[in-house]
Amino acid sequence: MDHAAVVTLLGRDVTILLGEDDSDPDGAMLLKSPEAMRQGEHRLARGRTYHRHAAMLAERLGVPFAWKLVTLPGVGHSHRAMAGPAARILLG
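For the sequence shown, counting from 1, position 74 maps to 1031 in the numbering used here; every step adds exactly one.
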């Protein structure tokens, strides 16, 4: 991505939706490569890392950062449990 595209992306209304219980380091289909593990040992940690790094990049570039991080209590790695909250976020 070029600089302008990065700036545009960081300023967009993006919501990262994570399940607070999506913290199983042995979860099904969880990547275990060295690169993936540097991001965190489970999906919840990786989502937080992604958001944090995007925020740090925006700060370093001195550009607006509009992303939100939302965690859902009691939700693990379940598309069904995420669907309702995701719809409410998307549809207002």
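Every residue gets a Cβ at the ideal spot worked out from N, C-alpha and C, and that includes glycine.
Exercise for the section: Have a look at MET994 and ASP978 and give me their C-alpha separation to the nearest angstrom. Expected result: 18 angstroms
Exercise for the section: State yes or no: is the C-beta of ALA1011 within less than 8 angstroms of the C-beta of TRP1024? Expected result: yes
Problem - Distance cut-off 7 angstroms: ALA1015 Cβ against heavy atoms of the ligand GDP - result: In the structure shown, the ligand GDP is absent, as is every other ligand, since no ligand is present at all.
Handout entry: C-alpha distance - HIS1034 paired with VAL963, whole-angstrom precision
Key = 29 angstroms
Problem - Alpha-carbon to alpha-carbon, ASP970 and ASP981 - result: 29 angstroms
Exercise for the section: Compute the distance between the beta-carbons of LEU974 and LEU1029, then report whether it is under 8 angstroms. Expected result: yes
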